[in-house]
Amino acid sequence: ATTNKKTLKIASIPGDGIGKEVMPEGHRVLEKAASRFGFDLQFTDIEWASCDYYQKHGDMMPADWKAQLQSQDAIYFGAVGWPDTVPDHVSLWGSLLKFRREFDQYINLRPARLFEGVPCPLAGRKAGDIDFYIVRENTEGEYTNLGGVMYPGTEREIVIQESVFSRFGTDRVLKYAFELAKSRERKHLTVATKSNGIAISMPWWDSRADAVGQDYPQVKIDKQHIDILTARFVLQPQRFDVVVASNLFGDILSDLGPACTGTIGLAPSANLNPERKFPSLFEPVHGSAPDIYGKGIANPIAMIWSGALMLDFLGQKEAHDAILNAIEQVLKDGPRTGDLGGKATTVELGKAIAGLI
Ligand code: ATP
Ligand code: MG
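In structure tokens, the structure reads:
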């Protein structure tokens, strides 16, 4: 039968280790959400960008990888890395970091949310107290190779490493963060800087936030120094809604935020090219977990949540919300995988979540 349903084209790359175990559960849940909300998913299963592929071909990806992915709406990625056979820097630089750079995925997005049934390392917090997004600049800033060592090996040794912030690169991440804040109920944006200590680039970041914020009068801007900001992540996490930060500060915050919710093992992430000039990539934060691979006990929630972020990004917010509600319910009532103190398998968890959509 012909249909005018919307079709989303997804490149599905399980990668290595438990990536191969949690990916099918991601498919299961996303397919269920698609049928419920009336759109189609067309998965293209890709076996490259894995260490198995590297062992056969001497490279992580085929020469035409970019052309193969360019026509896709998004990339759904499991995990890469199998240090027994391929050094981590080879597998990582040969796959994920190439995507990030070549597809200009300049936003790294990570949610932090506290769920009932997940032990929170912060005392006295209950579900709903923590629910925010961290927006990290993903392409420039502190992570450059500009600099060098003077007088190496002597008492006078001096090391210089430059940070680079462009107006283009800074404004576009700020704009994304303002848009996200605007779309949320609280419309609150925290800007992480350090304008009292890093006295050239950080006051400039603050001024760019004010300039970009001119277009978003409905969003409240809250500039905070990174030191007090990290303390508040722990002491007053309920004050955050959307947090935007440079590459380095964002890197730190995007580990700390999910850690405060006890969900580092459940944490999803998105690497976005918001204009959709190139495909964006959605992956769990965790790695390939060689220690548990092959047992069918990996928790698939980070993979599934990453898939929900992907649907949201591709315009299916209702599907995202339904998946999040199902995850919330399963975390509360079970079944649970071993990392959360239960005995359920990867497949049982995937089926339970799909069953609630
Ligand atoms: P990376 O590959 O990002 O460097 P890593 O190799 O240090 O990360 P992971 O592969 O994420 O770390 O594993 C860290 C620990 O968490 C391991 O003990 C692993 O078994 C556990 N773990 C990771 N992901 C999951 C999951 N989805 N379910 C259960 N346990 C997990
Ligand atoms: Mg690893």
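Throughout the sequence shown, residue numbering follows UniProt numbering, covering 2 to 358 in sequence.
Even for Gly, the Cβ is constructed at its ideal location relative to N, Cα and C.
Beta-carbon to beta-carbon, F40 and S13 are separated by about 16 Å, too far to satisfy the 8 Å threshold.
Under the 10 Å beta carbon count, I159 is surrounded by fewer than 16 other beta carbons and is classified as exposed. A Cβ-Cβ separation of about 16 Å leaves V331 out of contact with I298 under the 8 Å criterion.
Exposure of G198 is indicated by the presence of fewer than 16 other C-beta atoms within 10 angstroms of its C-beta. In the three-state DSSP reduction, G142 falls in the strand class (E or B). With fewer than 16 other Cβ atoms inside 10 Å of its own Cβ, Q237 counts as exposed.
Beyond the five residues adjoining it in sequence on each side, A309 comes within less than 7 Å, by CB distance, of H321, I324, L325 in the same chain, given in chain order. K21 has its alpha-carbon roughly 12 Å from the corresponding atom of K296.
Counted as a single uninterrupted DSSP element, the stretch harbouring E117 is not any alpha helix (DSSP H), since DSSP gives it neither H nor E.
F314 places its beta carbon less than 8 Å from that of A75. DSSP places D130 in the coil class of the three-state scheme, outside both helix and strand. Here D292 is exposed: its Cβ has fewer than 16 other Cβ atoms, across all protein chains shown, within 10 Å. DSSP lists D41 as the beta-bridge partner residues of T8. Note: G149 is bridge-paired with I161 in the DSSP secondary-structure output. In this structure, DSSP gives H226 an extended state, which the three-state scheme calls strand. Annotation: the continuous alpha helix (DSSP H) that includes G308 extends over 302 to 314. A Cβ-Cβ contact shorter than 8 Å links L115 with I131. With three or more CB-CB distances shorter than 8 Å, the stretch 199 to 210 counts as touching the stretch 165 to 180. Counting only residues of its own chain and dropping the five nearest sequence neighbours on each side, P122 has a CB closer than 6 Å to the CB of G263.
DSSP, reduced to helix, strand and coil, places S247 outside both helices and strands of the structure shown, so it counts as coil. DSSP, read as helix, strand or coil, puts K296 in coil. The closest CA to that of M62, considering only H90, F78, S96, is found on S96.
In terms of CA proximity to Q73, F279 leads the group F279, Y294, R233.
G316 and M151 have their alpha carbons spaced roughly 51 Å apart.
Counting the other CB atoms within 10 Å of its CB gives L341 a total of 16 or more, which places it among the buried residues. Buried is the label assigned to F100, since at least 16 other Cβ atoms lie within 10 Å of its Cβ.
Not one heavy atom of the ligand ATP falls within 7 Å of the beta-carbon of V30. Taking a contact to require three or more Cβ pairs closer than 8 Å, the stretch 271 to 290 and the stretch 19 to 35 qualify as touching. Out of P336, S92, V243, the CA that lies nearest to the CA of K188 is found in V243. Remark: the shortest separation between the CB of G297 and any heavy atom of the ligand ATP does not fall under 7 Å. By alpha-carbon distance to K10, the top candidate from E156, R168, M311, E349 is M311.
With a minimum length of 3 residues, the unbroken runs of beta strand (DSSP E) contained wholly in the stretch 186 to 224 fall at 189 to 194. With a threshold of 16 other beta carbon atoms within 10 Å, G149 falls short and is exposed. Here F179 carries a helix assignment [DSSP, helix/strand/coil]. The residue from Y134, G266, R102, L254 with its alpha-carbon nearest to that of E186 is Y134. As a beta-bridge residue in DSSP terms, S13 pairs with D46, Y77.
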